[in-house]
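Counting from 177, one number per residue, gives the positions in the sequence shown under my numbering.
Worksheet for the structure shown next.
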Amino acid sequence: MTTNPVFKSSHGLSALLPSEARMVLARAAQEVRHMKDPLMREVVMEAAIARVRLQYPQFFKE
Numbered sequence: 177m178t179t180n181p182v183f184k185s186s187h188g189l190s191a192l193l194p195s196e197a198r199m200v201l202a203r204a205a206q207e208v209r210h211m212k213d214p215l216m217r218e219v220v221m222e223a224a225i226a227r228v229r230l231q232y233p234q235f236f237k238e
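This is the structure:
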């Protein structure tokens, strides 16, 4: 059985987004991993998502 490359790349991240976008989101997820404040976690993740949306709008629905 083979893995669909759209859903899983060799490093465990979705392969749907470009590599740079995946790394931005993965770094943000790593950064918030140990944050105790849920609001700060949300702020950091939303900022990363906004950055990716701005750089790669073709991958997002309006």
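Don't be surprised by glycine CBs; every beta carbon is placed ideally from N, CA and C.
| Where M211 and A205 are concerned, what is the direct C-alpha to C-alpha distance, given to the nearest angstrom? | 10 Å
| Cα-Cα separation between V208 and Q234, rounded to whole angstroms | 26 Å
| request: If I'm right that V200 touches V228 with Cβ under 8 Å, what's the distance once you round it to whole angstroms? | output: 6 Å
| From what residue to what residue does the alpha helix (DSSP H) around P214 run? | P214 to Q231
| Distance between S190 and M177 (C-alpha atoms, nearest Å) | Low confidence applies to M177: its pLDDT is 48, below 50, so where it sits in the model is not reliable enough to give any reading.
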